[in-house]
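Each step along the sequence shown adds one to the number in our numbering, with nothing skipped, and position 147 is 1092. Quick reminder that beta carbons are idealized off the backbone N, C-alpha and C, glycines included.
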Amino acid sequence: FAQMCNDEPRRIAKAPVVGKVRFLAYESEADVQEVEAHYRNLWRAEQESGLVADLLLCMEMRDAYFLWRVGQVATIYYPAVIFMQDEAFSDFAAVQYLRQFDELRRSDLLSTGALSQAVAKPPVAMVVQSPYIAESIFYHTKVRLPAVRPLALYVGARYRPNVTDLDSGELPRLPGESRLLVLCARTRLMMSHSCRALFREGRRLLPKRTPLRLHLPSGDSDVVHGLSFAEVASFTAVVLVPWNIAVTTFAELYAMHVPMFIPDSVWLARLWPKQMTSYGKAHPDIHRELRKAPEQQPQHPTPYPSLDRLTDDFRTSWYWAEHFAHLHAMPGVQSFTSIPNLLWALHEGEFDLIQASGEMRKETTRALEEVAPFWAGLVGRLTQA
């Protein structure tokens, strides 16, 4: 897929499904039919313009379900976002959402015996991008999907520390200078400002002539840093303060083999629900279980703890961070408990960042050897079924 992620094959939809339809909460069967009609118009317009598709890859369920229905093409549903979207937040809508999920599942090649019930329909593969998203889907549906982490091979850049002129490859003017990129959140989550202030205060504790240089981008709406992948790969190291535990930025930084520092697990448990808190305020019904489990079966707590109820929800935040984040377990990633201590250690050169990058490179190679055959085999089965 990485070879397809560039501007050359990019298409602008001829008849896109507008946002108010894509996220319409069903109130009646007529709403369901209206949404399907828009997707049918989209597909017809693409076909009339010459599009021929052997396989669809969708990251949101509404797209996957309706394009699979109207296009009659093999489909991969590879969710990377919160499963419960706007279209599921009413009693009628929740029933429809689960029905559509189950219909996809009955054609899922990775579900035991799935095609025996749906031989007339094109095959589907349902694979999730992170353990957290997989288990949050299980919380809602009581169906467990496999998780295969994205390798983000599309970044097209590798670790080149201290390169300031990417065209000439010149080194920075200050000998021994270390440039640290600090990524806190998208600004709409209202976390970046406080984060940047804390790092600025920590910087003031260092000697004035420290070789450590901080870059604290503010972000813009949904933009995290506004830098190209090549620019990010030129930093000596990156501090990532995650705003959820399935953040794509982590996968992209890891693919570039840029040494990463992450808040330790206790601190992470107090940070990662920021996005869930914002989403939960807009969608109070997000905790709805679409399918109930037997009473004796152990269940997850809600995947959406709130920082507004930190005293009550901390155990839940800790539960998900401890069992389903897996950020700290990745080779080359280092944790920290204090911003001043981290900055001082970087000032003193206490970390072997080249070694950390090498560990990330080895892990990426190992994962590629494991993941690539999985996708190759799966795509082969989908397109030949």
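For the 8 Å CB-CB criterion, Pro1248 and Asp1258 do not form a contact. Every alpha helix (DSSP H) of 4 residues or more that sits fully in the stretch 1163–1217 is shown, in chain order, as 1174–1178, 1193–1200, 1210–1214. Using a 10 angstroms sphere on the CB of Pro1318, the tally of other CB atoms stays under 16, which defines it as exposed. Counting C-beta pairs closer than 8 Å gives three or more between the stretch 1027–1035 and the stretch 1224–1235, which meets the contact rule. Nearest to Met1004 by alpha-carbon distance, out of Leu1043, Gln1074, Val1093, is Gln1074. DSSP places Ile1078 outside any beta strand (DSSP E); the residue lies instead in the alpha helix (DSSP H), whose first and last residues are 1076–1086. Val1278: member of the beta strand (DSSP E) spanning 1278–1281, first to last residue. Spatial neighbours of Glu1304 in its own chain (CB-CB distance under 8 Å, excluding positions within 5 residues in sequence) are listed in chain order as Pro1276, Gly1277.
Beta-bridge annotation (DSSP): Ala1033 is not paired with any residue.
If only complete runs of 4 or more residues are kept, the stretch 1242–1327 shows the alpha helix (DSSP H) at 1255–1269, 1284–1292, in order along the chain.
Apart from the 5 residues on each side of it in sequence, Asn986 sits with its Cβ closer than 7 Å to the Cβ of Ala960 in its chain, given in chain order. For the options Glu1293, His983, Ile957, Phe1269, the alpha carbon positioned closest to that of Phe968 is the one of His983.
In the pairwise beta carbon analysis, the stretch 1031–1051 is classified as not touching the stretch 1297–1314: fewer than three pairs are separated by under 8 Å. From the listed residues Gly964, Ala1039, Val997, Leu1323, the smallest Cα separation to Glu972 is found for Ala1039. Looking at the DSSP output, Arg1158 shares a beta bridge with Arg1124.
Every alpha helix (DSSP H) stretch that sits fully inside the stretch 952–992 and reaches 4 residues is listed by chain position as 964–967. Non-local beta-carbon contacts of His1160 in its own chain, meaning distances under 8 Å to residues more than five positions away in sequence, involve Arg1124, Leu1125, Leu1126, Val1127, Phe1180 in chain order.
Apart from the 5 residues on each side of it in sequence, Pro1095 sits with its Cβ closer than 7 Å to the Cβ of Gln1074, Ala1196 in its chain, given in chain order. 8 Å or more divides the Cβ of Ala1019 from the Cβ of Leu996.
Val962 and Tyr1010 have their C-alpha atoms some 14 Å from each other. In the DSSP assignment, Thr1020 forms a beta bridge with Leu1001, Val1069. Shown here for Arg1148: same chain residues with a beta carbon closer than 6 Å to its own, the five before and five after excluded, namely Leu1159 in chain order. Ranking Gln992, Pro1068, His1245, Val966 by CA distance to the CA of Leu1002 puts Pro1068 first. Leu1098 and Gln1241 have their C-alpha atoms some 43 Å from each other. Leu1055 sits away from Pro1024, with the two beta carbons spaced by 8 Å or more. By the neighbour-count definition (other C-beta atoms within 10 Å, threshold 16), Gln992 is an exposed residue.
Secondary structure note for Tyr1224: its alpha helix (DSSP H) is the uninterrupted segment 1219–1227. A buried status is given to Ser1302, since no fewer than 16 other beta-carbon atoms sit within 10 Å of its beta-carbon. Contact annotation: Ala1178 and Arg1105 have beta-carbon atoms nearer than 8 Å.
Listed as beta-bridge partners of Ala1092 by DSSP are Val1073. For Leu1323 and Pro1076, the gap between their C-alpha atoms comes out near 20 Å. Contact annotation, Lys1087 with Arg1236: C-beta distance approximately 5 Å; criterion of less than 8 Å satisfied. Separation of His1245 and Arg1254 (C-alpha to C-alpha, rounded to the nearest whole angstrom) is 18 Å. If you draw a straight line from the Cα of Leu1143 to the Cα of Ala1238, it is about 44 Å long.
For Ala1070, the closest of Asp1008, Tyr1022, Arg956 by C-alpha to C-alpha distance is Tyr1022.
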